[in-house]
Amino acid sequence: MIYEEAINYINNTGSEGIIPGTAVIRQLLSLLGDPQNDLKVIHVAGTNGKGSVCAYLEAALLECGLKVGRYSSPSVFEYLERIRLSGNNISEEDYAEAVSAVCNAAATMTDKPTSFEAETAAAFWYFKRKKAHVIIVECGMGGAEDATNVFERTMACVFTPISMDHMSFLGNDPDEIAINKSGIMKKGCPAIISEMPEIVLGGKKYDPAGVLLNRSKEIGASPVLSSGYRIPDEVTNPLPGVFQKTNLQTALCTLETIKDSLRESFPDAKISTDIFAKGISRTKHPGRYERVSESPVIIRDGAHNPAAAMALRDSLENDKTLPAERNIHLIMGVFKDKDYEEILRIMLPGASSFTAIDLPDHHRGLPAGELADAAGRICEELNCGNMPVKCPQKAVTASGLKEALAPSENAGRGDVFVVFGSLSVMQLFKR
Numbered sequence: 180m181i182y183e184e185a186i187n188y189i190n191n192t193g194s195e196g197i198i199p200g201t202a203v204i205r206q207l208l209s210l211l212g213d214p215q216n217d218l219k220v221i222h223v224a225g226t227n228g229k230g231s232v233c234a235y236l237e238a239a240l241l242e243c244g245l246k247v248g249r250y251s252s253p254s255v256f257e258y259l260e261r262i263r264l265s266g267n268n269i270s271e272e273d274y275a276e277a278v279s280a281v282c283n284a285a286a287t288m289t290d291k292p293t294s295f296e297a298e299t300a301a302a303f304w305y306f307k308r309k310k311a312h313v314i315i316v317e318c319g320m321g322g323a324e325d326a327t328n329v330f331e332r333t334m335a336c337v338f339t340p341i342s343m344d345h346m347s348f349l350g351n352d353p354d355e356i357a358i359n360k361s362g363i364m365k366k367g368c369p370a371i372i373s374e375m376p377e378i379v380l381g382g383k384k385y386d387p388a389g390v391l392l393n394r395s396k397e398i399g400a401s402p403v404l405s406s407g408y409r410i411p412d413e414v415t416n417p418l419p420g421v422f423q424k425t426n427l428q429t430a431l432c433t434l435e436t437i438k439d440s441l442r443e444s445f446p447d448a449k450i451s452t453d454i455f456a457k458g459i460s461r462t463k464h465p466g467r468y469e470r471v472s473e474s475p476v477i478i479r480d481g482a483h484n485p486a487a488a489m490a491l492r493d494s495l496e497n498d499k500t501l502p503a504e505r506n507i508h509l510i511m512g513v514f515k516d517k518d519y520e521e522i523l524r525i526m527l528p529g530a531s532s533f534t535a536i537d538l539p540d541h542h543r544g545l546p547a548g549e550l551a552d553a554a555g556r557i558c559e560e561l562n563c564g565n566m567p568v569k570c571p572q573k574a575v576t577a578s579g580l581k582e583a584l585a586p587s588e589n590a591g592r593g594d595v596f597v598v599f600g601s602l603s604v605m606q607l608f609k610r
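Numbering-wise (this note's numbering), the sequence shown opens with residue 180 and increments by one.
Following this line, the structure appears as structure tokens:
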């Protein structure tokens, strides 16, 4: 099997869409020799911040001299970035070999794996074959019934802030979603719980962190609240955005929690708080409050749910490197199953203009015209209240990112262009 054949297999195997549950992938992994049982795993779940925490962990552990694997999805810029080893994307040849092994095993199965199940199995097979020391696994969605939830034990499971997303699969409120995500906890294994705010919905308060803490005690995991960890003064955070402090705190707390276990497993590695800090200073994680241009200022961010939009807005409001008098120009593309109206309510106040664009995935993406119409309606709502707010006078569409950013060519000093709404938007910067 060559790379193109492997991609074709992944895109066309099994049923379309998301099918929660681990029965099929467990059967597939069994046919592959259960590679997941030979891996030392840090398993990361949550709604927002998973990618940033994984990036911090990867950079820190690489600095220790470990062979680090990382599995995450979806891809942001390149397809093969979802499977990484030693800081590099999997090669086309290795990807084809791993998928070929999965294809041969799945041929004997009655129920075929979905694309995500097949690729997850391929990743674990690859990490075992390459003798990775530690792998960092990001849940695809949820926890209990996610295809990555196949480990008997983990070095740690990590929970980043939880909010409302994927409700049709995970639950109707933040507490239900937290219960679903707690399914990756393992008895006797550390469970690192990020600091996360209470959420108020319909006049009711929800405490997902409290739910996770209670679930860890019921399951018999060893809970650790990252809010109790103080970031050392010598640690430099290379990722911008006010929300990254919480993610950095969570990653460092995780590393400190498993430090002794790492030393025991890898006595020849350089494992210390100082080494963690040095590695973290090298962290790169594009697409999260990333300034891609200084003149004019262009910021791109993958914010795709209300909590992420709130974090993006807070970062913009608290960014002292931006002009005090600024004109915020929003450029947004979003999936149709996201709570885009609430995202708009968060982002539109104070903005000078709004442009809607289509995503590369036209099947899942909300048409730009529908997004612009929604923005127009919400601007009217915001301006009709007792306390009208500044809002774009008109929401427009653009044929693509290039057209949407065309006004930046004549931008003034106070103009700031913000491209957001989905990690898929990042792919448009390469076109």
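The C-beta atom is built at its ideal place from N, Cα and C for all residues, glycine as well.
| query | result |
| --- | --- |
| For leucine 468, report the span of its beta strand (DSSP E) as first-last. | Per the sequence shown, the amino acid found at residue 468 is tyrosine instead of leucine. Per DSSP, tyrosine 468 belongs to no beta strand (DSSP E) and is neither H nor E. |
| Give the C-beta separation of threonine 429 and valine 232 to the nearest angstrom, bearing in mind that I take them to be a contact with Cβ-Cβ under 8 Å. | 5 Å |
| For glutamate 184 and valine 337, I'd like the C-alpha separation in whole angstroms. | 35 Å |
| Between alanine 239 and the rest of its own chain, which residues show a CB-CB distance below 6 Å, the 5 nearest in sequence each way excluded? | Leu434, Phe455, Gly458 and Ile459 |
| The alpha helix (DSSP H) with proline 615 in it runs from where to where? | What is shown of the chain runs 180 to 610, which leaves residue 615 out entirely. |
| Below 8 Å on the Cβ atoms is my guess for phenylalanine 533 versus leucine 509; work out the distance and round it to an integer in Å. | 5 Å |
| Where do the N-terminal and C-terminal ends of the beta strand (DSSP E) with glycine 479 fall, by residue? | For the record, residue 479 in the displayed sequence is arginine; it is not glycine. That run of the beta strand (DSSP E) goes 476 to 479. |
| What's the call for histidine 541, buried or exposed, on a 16-neighbour Cβ count within 10 Å? | exposed |
| For the beta strand (DSSP E) that contains tyrosine 385, what are its first and last residues? | 383 to 385 |
| Verify whether the separation of the beta carbon atoms of histidine 464 and glycine 600 is less than 8 Å. | no |
| Answer yes or no: do valine 313 and arginine 205 have a C-beta to C-beta separation smaller than 8 Å? | no |
| Using the Cα positions of methionine 526 and glutamate 582, report the straight-line distance between them to the nearest angstrom. | 21 Å |
| Compute the distance between the beta-carbons of glutamate 563 and alanine 530, then report whether it is under 8 Å. | According to the sequence as given, residue 563 is cysteine; it is not glutamate. In this structure, alanine 530 does not lie closer than 8 Å to cysteine 563 by Cβ. |
| In the DSSP output, which residue or residues are listed as bridge partners for alanine 335? | Ile221 |
| What is the residue span of the alpha helix (DSSP H) that alanine 535 lies within? | It is not in any alpha helix (DSSP H) - alanine 535 instead sits in the beta strand (DSSP E) that spans 530 to 535. |
| In chain order, which beta strand (DSSP E) runs of at least 3 residues are fully inside the region 534 to 588? | 574 to 576 |
| For isoleucine 186, which three-state DSSP category applies? | helix |
| Sorted by chain position, which residues of the same chain lie with C-beta nearer than 7 Å to tyrosine 385's C-beta, five sequence neighbours on each side aside? | Asp352, Pro353, Asp354, Glu377 and Ile378 |
| Alpha carbon to alpha carbon, how far is alanine 300 from leucine 210? Give it in angstroms, no decimals. | 10 Å |
| Does any residue of chain C have a CB that is nearer than 8 Å to the CB of serine 440? | Absent from the structure: chain C. Only one protein chain is present. |
| Are the region 385 to 405 and the region 413 to 422 touching, with three or more C-beta to C-beta distances below 8 Å? | no |
| How many angstroms separate the CA atom of threonine 327 from the CA atom of glycine 548? | 36 Å |
| Going by beta carbon distance, what residues of the same chain come within less than 8 Å of arginine 442, once the five residues before and after it are set aside? | Ala448 and Ile450 |
| Buried or exposed: where does methionine 288 fall if 16 or more other Cβ atoms within 10 Å of its Cβ makes it buried? | exposed |
| How big is the Cα-Cα spacing for aspartate 290 and proline 546? | 34 Å |
| Applying the criterion that 16 or more other CB atoms from any shown protein chain within 10 Å of the CB defines a buried residue, is valine 390 buried or exposed? | buried |
| Taking the alpha carbon of serine 444 as the reference point, which residue from Leu218, Gly200 and Asn190 has its own alpha carbon closest? | Leu218 |
| Let me confirm a value: proline 439 is counted as buried when at least 16 other C-beta atoms fall within 10 Å, else exposed. Which label applies? | The residue asked about is misnamed: residue 439 is aspartate in this sequence, not proline. Aspartate 439 should be labelled exposed. |
| In or out: aspartate 453 buried (at least 16 other Cβ within 10 Å) or exposed? | exposed |
| Should lysine 515 be labelled buried (16 or more other beta-carbon atoms within 10 Å of its own) or exposed? | exposed |
| Once the 5 residues before and after lysine 366 are set aside, which same chain residues still bring their CB inside 8 Å of it? | Ile398, Gly399 and Ala400 |
| Which stretch, first to last residue, makes up the beta strand (DSSP E) that contains phenylalanine 303? | First-last for phenylalanine 303: 294 to 308, but that is the alpha helix (DSSP H), not the beta strand (DSSP E). |
| DSSP on glutamate 237, reduced to helix/strand/coil? | helix |
| Look up valine 414 in the DSSP assignment and say whether it is helix, strand or coil. | coil |
| Exposed or buried, which one is valine 568 when buried takes at least 16 other CB atoms within 10 Å? | exposed |
| How about glutamate 559: is its Cβ closer than 7 Å to a heavy atom in the ligand ATP? | For the structure depicted, the ligand ATP is absent and the ligand set is empty, with no information on it obtainable. |
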